[in-house]
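Below you'll find the structure, written out as structure tokens, and then a few comments.
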Amino acid sequence: MKRFVWIGSAVAVAALAASLWAGAMYDITCETPGCGFKPSSYMGIGGGFVFEQVQGFCKTCNKPVSLTWNRKEDAKKPEPLAEFWDPMTGTVRRLYACPTCGKPFVAITKIEEFRHCPTCGKASLKHTGPTIMYD
Ligand SMILES: [Zn+2]
Ligand SMILES: [Zn+2]
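Per the numbering used here, the sequence shown starts with residue 1, numbered consecutively.
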């Protein structure tokens with residue numbers, strides 16, 4: 001009987017697949033005229049039942065970066081480089097090492113947190129999505 005819970009419309013199945021594997025993917029563009037900032041890849045937010053994900057934007061690499069680990073294997077969970085309380089938002093932010101260059105990046109937990117353009121510095125980023133992605 002349990003399968004009837006999972007079999008809904010094609011949309012529900014697609015949403016389930018996304019929540020299991022990819023999370024929500026956002027297309028990021030900067031709306032400042034002449035800036036032209038556009039990351040080379042989508043920005044993924046959130047993990048799923050099996051995989052947990054930390055994502056952010058590496059200023060050094062100039063691209064969205066993410067760390068993914070299996071939720072059930074706690075030993076593989078990446079340790080943050082640092083945790084700090086952000087007085088601007090009143091929330092605790094975490095710094096992780098970029099998998100490419102090793103420099104710290106701030107974990108982004110909601111797409112709304114990624115507001116300022118890394119190129120022009122203005123709060124002019126536009127998020128398009130979420131888009132469901134498959135591999
Ligand atoms: Zn980097
Ligand atoms: Zn910009």
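We put the beta carbon where it would ideally sit given N, CA and C, even for glycine. Note that the coordinates shown come from a computational prediction; the quantities given were computed from them, not determined experimentally.
Should residue i be counted as a contact of ligand 1 given a C-beta to heavy atom distance under 6 Å?
i: T119; result: no
i: T68; result: no
What would DSSP say about residue i, mapped onto helix, strand or coil?
i: I28; result: strand
i: K126; result: strand
i: E52; result: strand
i: E83; result: strand
i: I45; result: strand
Between the options, which has its C-alpha nearest residue i's C-alpha?
i: Q53; options: H116, K77 and S40; result: K77
i: V92; options: A107, E79, G102 and C101; result: A107
Exposed or buried, what is residue i when buried is set at 16 or more other beta-carbons lying within 10 Å of its beta-carbon?
i: F84; result: exposed
i: W6; result: Low confidence applies to W6: its pLDDT is 48, below 50, so where it sits in the model is not reliable, and the reading given next is rough at best. It counts as exposed.
- Any chance the region 119-132 sits against the region 30-37, with 3 or more Cβ pairs inside 8 Å? yes
- Query: Are the region 33-41 and the region 86-95 touching by the rule of at least three beta carbon pairs closer than 8 Å?
  - Reply: no
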